[in-house]
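Number of protein chains: 2
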Amino acid sequence: MSDIRILHETDLRARIALDTGAIDVVERAFARLAEGGVEMPPVMSMHMPDVNGEVDVKTAYVPGLPGFAVKISPGFFDNPAKGLPSTSGLMVVLSTETGRVRAVLLDNGYLTDVRTAAAGGVAARHLARGDAARAAIFGAGLQARMQLRALCLVRPIAEAVIWARDPAKSGRLAAELSGNDLAVRATADPAEAAGFADVIVTTTPATEPILMADWLRPGQHVTAMGSDQAGKGELDPACLARADLYVADRLAQTRKMGELRAALAAGTIADDGSLPELGEVITGRRPGRTAPEQITIADLTGTGVQDTAIATRALAAFDQE
Amino acid sequence: MSDIRILHETDLRARIALDTGAIDVVERAFARLAEGGVEMPPVMSMHMPDVNGEVDVKTAYVPGLPGFAVKISPGFFDNPAKGLPSTSGLMVVLSTETGRVRAVLLDNGYLTDVRTAAAGGVAARHLARGDAARAAIFGAGLQARMQLRALCLVRPIAEAVIWARDPAKSGRLAAELSGNDLAVRATADPAEAAGFADVIVTTTPATEPILMADWLRPGQHVTAMGSDQAGKGELDPACLARADLYVADRLAQTRKMGELRAALAAGTIADDGSLPELGEVITGRRPGRTAPEQITIADLTGTGVQDTAIATRALAAFDQE
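Protein chains in written order, with the working numbering: chain A, 29 to 349; chain B, 29 to 349.
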């Protein structure tokens, strides 16, 4: 029994950060997904309406890695009233040689936060203009701050604007994030925020569009990462028609629970086999941004291969001890 | 972090046994499934052909219980050559109030063994004749011995016969299990084993039928519990036509990976909405055995609700300390 590592949130926070290394391993995971051989079953989802809770389970097997993660992500939406975060959970890492449990990462969702933000960094690295210096973040939660940090790791972001439904929150976050090399302000006008930015990241659990197609302008990149359920969606479906390029983290998921779902329902985009996935852009199998004036959209729903990637990185950090 | 219980296999083996209490909680879980309110998503399954491995994830939410289990069950079929069992895994128990992790049960599949055998006990309790005294067990593995033990807990079993493909194994198992109140012998003739018994339990990973319809006689009950994948099956499809009553643990599963799958394909049974589930028989919503001369079949594929039931029992045993 002693060969199973049990790692707690504090241990993991001390070793694993949202840094270029995290972005690199998530980028490589998406590339592997495009290269083939990866197994990634559909997300297992269970809703518990009478306790206002849900749990998602994700996994992915990447040949060649020593382990694969099975991640259990609960969301219990009455928790904030009890003084607890809505989300928590853990990752179990199993050996790809024997299936035996190698580690239990009791991260309360921290590694998910990191790998989710890292995917935003990957998307911006491959789709945003190289000179993108202005960011707009929609939302003022944890991912708002982490997605902005990820952008700063891959692009020369100098200014950022934050819009959130609650102006008190966006104001506080802007004050907190503004620093030496980065000027951050809040705005009450989402159209102004959108128009200002070279890169827009939407990070909300919105169920109605918060970013309108009319607000977009040539040269922008948009990453929508808030939607991970069939009932959510942040982008006006016309955004996908307006964009020159739409890229999914995983089409099988974005069709069901990403921005693609509402756009397909609205008929603003055709799912004719031409839509690329992020890994295909990373590996050069499919083109990414091909001109500075293009508008690009990345639709991120969160994939098991990111979990296996970040869990592998976490375990490697401890194994090196 | 200290409020998460980490329990190891040795701890769990010391507290949780295949006993009447385990059969009772699994019976109650099936009843809850019939009563409604239970959430049980389809099994998540991932195959890793290049390492000859697979992993299944099961879960179920039962309103009123303090927690729900998410079970991760790997099967790595090259393990025996490495001196390791093929199956292992763990259960994670999450709070139904907050979704927070309450416990990690590092049982290496032990609790699955118990809840699987307990379901066999539940099936026999509700479908075998009350005077059933003779058992036939097909297979000589761990479930062969555990299913026989479960039968002895619910019926006055005095004699048992074991048939297995490998006669050396069935001989050894018969010698091991034969004791004071139970006479156990091995046989090389599966038809003889079947004809001898009041209750037959098939416990093998067979992919071709091992129990023929011609061998059945009035008054018998058959529990088939070996099939848990679409490629497996132990019963001649004609058995289901021969039987007076077919009962599934969960029709949504037995249609895909139980004995029902092959019978539907062979057209020996109609899936016309009349097939009952075990929980419906337990709660009296649907009839079970209604006459001593009937032939009954229970098709057990293993359900998440059993996992939540046994994990809840395990945690309660430790919480009482």
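Where is the CB? At the ideal position from N, CA and C, for every residue including glycine.
Within 8 Å, strictly: CB atoms of residue 87 of chain B and residue 99 of chain B: In the second sequence, residue 87 of chain B corresponds to position 59, counting from 1. In the second sequence, residue 99 of chain B corresponds to position 71, counting from 1. Yes, these two residues count as a Cβ contact at 8 Å.
Using only alpha-carbon positions, find the residue among A/266, A/250, A/331 that is nearest to residue 282 of chain A. On the first sequence, position 254 is the one that residue 282 of chain A refers to. When each option's Cα is compared against that of residue 282 of chain A, the closest is A/331.
Contact set between residue 78 of chain A and chain B, taken where Cβ atoms lie within less than 8 Å: Your numbering for residue 78 of chain A matches position 50 in the first sequence. Within 8 Å Cβ-Cβ: 65, 91.
My output table needs one value for residue 126 of chain A: the three-state DSSP class, helix, strand or coil. Within the first sequence, residue 126 of chain A is the residue found at index 98, counting from 1. Residue 126 of chain A falls in the coil class under three-state DSSP.
CA-to-CA distance, residue 47 of chain B to residue 22 of chain B, given in whole angstroms: The structure shown does not extend to residue 22 of chain B, since chain B spans only 29 to 349, so no value can be given for it.
CB contact below 8 Å: residue 127 of chain B versus chain A: Residue 127 of chain B sits at position 99 when you count from the first residue of the second sequence. Under the Cβ distance rule, residue 127 of chain B counts among the residues neighbouring chain A, one pair being separated by less than 8 Å.
Beta strand (DSSP E) segments (min. 3 residues) lying fully within the stretch 185 to 210 of chain B: Segments of the beta strand (DSSP E) lying fully in the stretch 185 to 210 of chain B: 187 to 191.
Which residues share a DSSP beta bridge with residue 227 of chain B? Taking the second sequence and counting its residues from 1, one reaches residue 227 of chain B at position 199. Partner(s): B/163, B/249.
Proximal chain A residues relative to residue 265 of chain B, where beta-carbon distance stays under 8 Å: Taking the first residue of the second sequence as position 1, residue 265 of chain B is located at position 237. Neighbours of residue 265 of chain B on chain A: none; closest Cβ ~29 Å, over 8 Å.
Quick check on DSSP: helix, strand or coil for residue 32 of chain B? Within the second sequence, the letter at position 4 stands for residue 32 of chain B. Residue state, collapsed to three classes: coil.
Element boundaries [beta strand (DSSP E), containing residue 55 of chain A]: Within the first sequence, the letter at position 27 stands for residue 55 of chain A. Unbroken run through residue 55 of chain A is the alpha helix (DSSP H), 48 to 63; no beta strand (DSSP E).
Alpha carbon to alpha carbon, what distance is there between residue 302 of chain B and residue 319 of chain B? Working through the second sequence from its first residue, we reach residue 319 of chain B at position 291. Working through the second sequence from its first residue, we reach residue 302 of chain B at position 274. Computed Cα separation, rounded: 19 Å.
Determine, using beta carbons only, whether residue 110 of chain A comes closer than 8 Å to chain B. Residue numbering aside, residue 110 of chain A sits at position 82 when the first sequence is read from its first letter. Closer than 8 Å to some Cβ of chain B, the Cβ of residue 110 of chain A qualifies, so yes.
Within the same chain, show all residues whose beta-carbon is closer than 6 Å to that of residue 250 of chain A, passing over the 5 residues directly before and after it, in chain order. Translated into positions along the first sequence, residue 250 of chain A becomes position 222. The answer, listed in chain order, is 228, 325.
Check each candidate in B/31, B/238, B/43 and name the one with the smallest Cα separation from residue 122 of chain B. Walking along the second sequence from the start, residue 122 of chain B turns up at place 94. Cα-wise, what sits closest to residue 122 of chain B is B/31.
Tell me the rounded alpha-carbon separation between residue 360 of chain B and residue 256 of chain B. Given that chain B is displayed from residue 29 to residue 349, the structure contains no residue 360 of chain B and the question cannot be resolved.
Exposed or buried, which one is residue 29 of chain A when buried takes at least 16 other CB atoms within 10 Å? Mapped onto the first sequence, residue 29 of chain A falls at position 1. Unreliable positioning characterises residue 29 of chain A in this predicted model, as indicated by a pLDDT of 41, which lies under 50. A coordinate reading is not provided.
Residues in the same chain with beta-carbon distance under 7 Å from residue 308 of chain B, minus the five sequence neighbours each way, listed in chain order, please. Position 280 of the second sequence, counted from the first residue, corresponds to residue 308 of chain B. Same-chain partners within the cutoff: 62, 314.
Consider the Cβ of residue 72 of chain A: report whether some Cβ of chain B lies at a distance smaller than 8 Å. Within the first sequence, numbered from 1, the residue matching residue 72 of chain A stands at position 44. Yes, residue 72 of chain A lies at the interface with chain B (some Cβ there is under 8 Å from its Cβ).
Based on the DSSP output, what are the partners of residue 134 of chain B in its beta bridges? Start at 1 with the first residue of the second sequence, and residue 134 of chain B comes out as number 106. For residue 134 of chain B, DSSP records a beta bridge to B/36.
Are residue 345 of chain B and residue 56 of chain B touching if we call contact CB-CB under 8 Å? Residue numbering aside, residue 345 of chain B sits at position 317 when the second sequence is read from its first letter. Residue numbering aside, residue 56 of chain B sits at position 28 when the second sequence is read from its first letter. No.
List the residues of chain A whose Cβ lies closer than 9 Å to the Cβ of residue 170 of chain B, in chain order. Mapped onto the second sequence, residue 170 of chain B falls at position 142. Per Cβ cutoff of 9 Å: no residues; residue 170 of chain B is ~17 Å from chain A at best.
First through last residue of the beta strand (DSSP E) which encompasses residue 82 of chain B: Taking the second sequence and counting its residues from 1, the one referred to as residue 82 of chain B is at position 54. Looking at the DSSP string, the run of the beta strand (DSSP E) that includes residue 82 of chain B is 81 to 87.
Test: residue 87 of chain A CB closer than 8 Å to a CB of chain B: On the first sequence, residue 87 of chain A is found 59 positions in, with the first residue counted as 1. At least one chain B Cβ lies under 8 Å of residue 87 of chain A.
Residue range of the unbroken beta strand (DSSP E) whose run includes residue 346 of chain B: In the second sequence, the residue the question calls residue 346 of chain B occupies position 318. Residue 346 of chain B: not part of any beta strand (DSSP E); member of the alpha helix (DSSP H) spanning 332 to 347, first to last residue.
Contact list for residue 340 of chain A against chain B, beta-carbon separation under 7 Å: Locating residue 340 of chain A in the first sequence gives position 312, where the first residue counts as 1. Residues of chain B passing the Cβ test: none, with the nearest at roughly 15 Å.
Under 7 Å between beta-carbons, which chain A residues line up against residue 104 of chain B? List them in chain order, please. Numbered from 1 along the second sequence, position 76 holds the residue referred to as residue 104 of chain B. Result: 126, 127.
Below 8 Å on the Cβ atoms is my guess for residue 339 of chain B versus residue 289 of chain B; work out the distance and round it to an integer in Å. As a working note, residue 339 of chain B is residue 311 in the second sequence. As a working note, residue 289 of chain B is residue 261 in the second sequence. The Cβ separation is near 28 Å, so there is no contact.
Neighbour list for residue 304 of chain A in chain E, Cβ cutoff strictly below 7 Å: In the structure shown, chain E does not exist; the protein chains are A and B.
CB of residue 124 of chain B within 8 Å of CB of residue 95 of chain B, strictly: In the second sequence, counting from the first residue as 1, residue 124 of chain B sits at position 96. In the second sequence, counting from the first residue as 1, residue 95 of chain B sits at position 67. It is a contact, given that the beta carbons lie within the stated cut-off.
Express the C-alpha separation of residue 265 of chain B and residue 291 of chain B in angstroms, rounding to a whole number. Position 263 of the second sequence, counted from the start, is the residue given in the question as residue 291 of chain B. Position 237 of the second sequence, counted from the start, is the residue given in the question as residue 265 of chain B. Residue 291 of chain B and residue 265 of chain B: Cα-Cα distance of roughly 4 Å.
From residue 233 of chain B to residue 83 of chain B, what distance separates their C-alpha atoms? For the purposes of this step, residue 233 of chain B is identified with residue 205 of the second sequence, where counting begins at 1. For the purposes of this step, residue 83 of chain B is identified with residue 55 of the second sequence, where counting begins at 1. So the two alpha carbons sit approximately 16 Å from each other.
Across which residues does DSSP place residue 102 of chain B in a beta bridge pair? Counting from one through the second sequence, the residue named residue 102 of chain B turns up at place 74. According to DSSP, which records beta bridges pairwise, residue 102 of chain B is partnered with B/83.
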